[in-house]
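Q: Before I ask anything, let me first share the structure, which is written out below as structure tokens.
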Amino acid sequence: MQLNGAGVRKKIWVSIYVGGLYLTAKSSDSEYIIAADQPMALKLHIVSGLVSGEAMEEGFEKATGGNTTPLAEPIEAFMAVFR
């Protein structure tokens, strides 16, 4: 897999995390990437002590409009990192 792109999440002036999207082949077509049935990975490097499990849970709630049920298993696996 190769790095397709990366970005930094900032809040006010503080860098919170850096995220990188890894794909089997580079692409700039977001619709293709979303629909692709291929291996891919998102890697986060948390660079701030401000990130907590509680903040991540709030983020999942906001990102899913409060409907985290369809993603319960992967969210739980992700949250285990904070325990």
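Here the sequence shown stands for residues 1 to 83, numbered as in our numbering.
Even glycine gets a Cβ: it sits at the ideal position worked out from N, Cα and C.
Note that the structure is a prediction, hence the values are computed from the model and not measured.
What three-state label does DSSP hand residue 40 in the structure shown?
A: The three-state reading of DSSP puts residue 40 in strand, counting E and B together.
Q: Write down the C-beta distance between residue 68 and residue 60 rounded to the nearest angstrom, noting that I regard them as a contact closer than 8 Å.
A: So it is a contact: roughly 5 Å between Cβ atoms.
Q: Residue 53 to residue 24, Cα distance in whole Å?
A: Straight-line Cα distance between these residues: approximately 30 Å.
Q: According to DSSP, residue 11 sits in a beta bridge with which residue or residues?
A: 14
Q: Judging by CA-CA distance, which residue of 3, 76, 5 and 15 is the nearest neighbour of residue 47?
A: 15
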